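Numbering (this note's numbering), first residue to last: 190 to 498.
Worksheet: one structure, shown below.
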Ligand SMILES: [Mg+2]
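Written out as structure tokens, the structure is:
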């Protein structure tokens, strides 16, 4: 089946562009029929993805990071196109959540051997989200990652360093969280809206989040001291934070998070103005190309264990 690849050469701090020749070599060696376009400005991937899907291309592959994936899925929502992911970014969190191989040849092989499955999306105003949204501390983490974009430290360590820096500067804030049948008023460090289990380059923030169970998770981190946050942050990588009394997880199909003063919010890794963050679940709204195991996992729904990566 023909694949239309949309490559963001700037993803992974230019790593995607540098590996473009290798990507094409793999496609040719595996005998995968393809066409390829590179993006050159923000949101172009949305336009290219929609055009390809409307032209009847069955599989549209986002080659880049979570930002590229987000742009492509926004182009594909409501079409018959299937999203494939070639993880080449800094975070690759949706690929991780879908069990897509993070190394290049495994991800390319999936274009040939993968199976289609349906995953849920979130809708936030006119945007669609595949991975996660957040307000609070996560926004400052992203700001710090952006500020250090030219640093020699790349990938998940970049997020960890930004997170540590952010914690030292961060103040808790008050927030109103409305969900299906529940309203909370809290002092928090952060609130996360998780469709996928991973955020910030592999932090396993919502281990029980399932990408096709018709629900998403709201993870709330109540006020903690700075030493407590520092002590508990590494636990997020293996899900050990869930035992902490300040961490609460809710399941819902709708949420509205309001701050006393509007602030930036994160939607699939991108900082955008501004709160409230209001998201609702669109069950099975997107077709994705995944491994046989992941397709079975998505089809079975919530009763299942998370996908191992
Ligand atoms: Mg879910």
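Think of the CB as a built atom: it goes at the ideal place given N, C-alpha and C, for glycine as much as any other residue.
Predicted model only: the values in this text are computed from it and were never measured.
ask   = What residue from 255, 449, 377, 424 has the CA that sits closest to residue 414's CA?
value = 377
Buried or exposed by the 16-neighbour rule on C-beta atoms within 10 Å, applied to residue 276 = buried
query = Looking at residue 431 and ligand 1, is the gap between the Cβ and the nearest heavy atom below 6 Å?
reply = no
inquiry  = Quick check on residue 387: does DSSP put it in helix, strand or coil?
reply    = coil
key: Inter-residue spacing [alpha-carbon to alpha-carbon] between residue 307 and residue 476   = 5 Å
key: Per-residue burial, residue 454 [other beta carbons within 10 Å of its own, 16 or more giving buried]   = buried
For residue 304 and residue 334, the rounded distance between their alpha carbons = 34 Å
Uninterrupted alpha helix (DSSP H) stretches inside the stretch 315 to 388 (no shorter than 4 residues) = 326 to 336, 345 to 358
task = Say yes only if the C-beta of residue 402 is nearer than 6 Å to one or more non-hydrogen atoms of ligand 1, and no if none qualify.
result = yes
query = What is the residue span of the alpha helix (DSSP H) that residue 402 lies within?
reply = No alpha helix (DSSP H) contains residue 402, which DSSP labels as neither H nor E.
message = Give me, in chain order, the residues of the same chain whose beta-carbon lies closer than 6 Å to that of residue 472; leave out the 5 immediate sequence neighbours on both sides.
response = 309, 403
task = Give a single yes or no on whether residue 405 has its beta carbon closer than 6 Å to a heavy atom of ligand 1.
result = yes
ask   = Can you find a heavy atom of ligand 1 that lies under 6 Å from the Cβ of residue 399?
value = yes
key: residue 309 in three-state terms, based on DSSP   = strand
Spatial neighbours of residue 490 in its chain, beta-carbon cut-off 8 Å, leaving aside the 5 residues before and after = 399, 401, 402, 403
ask   = Whole-angstrom Cβ separation of residue 320 and residue 286, contact assumed at under 8 Å?
value = 7 Å
inquiry  = Per the DSSP calculation, residue 466 is bridged to which residue(s)?
reply    = 446
message = According to DSSP, simplified to helix, strand and coil, what is residue 289?
response = coil
request  = Taking only the alpha-carbon atoms, compute the straight-line gap between residue 447 and residue 465 and give it to the nearest angstrom.
outcome  = 4 Å
key: Simplified DSSP state of residue 150, which is helix, strand or coil   = Since the first and last residues shown for the chain are 190 and 498, residue 150 lies out of range.
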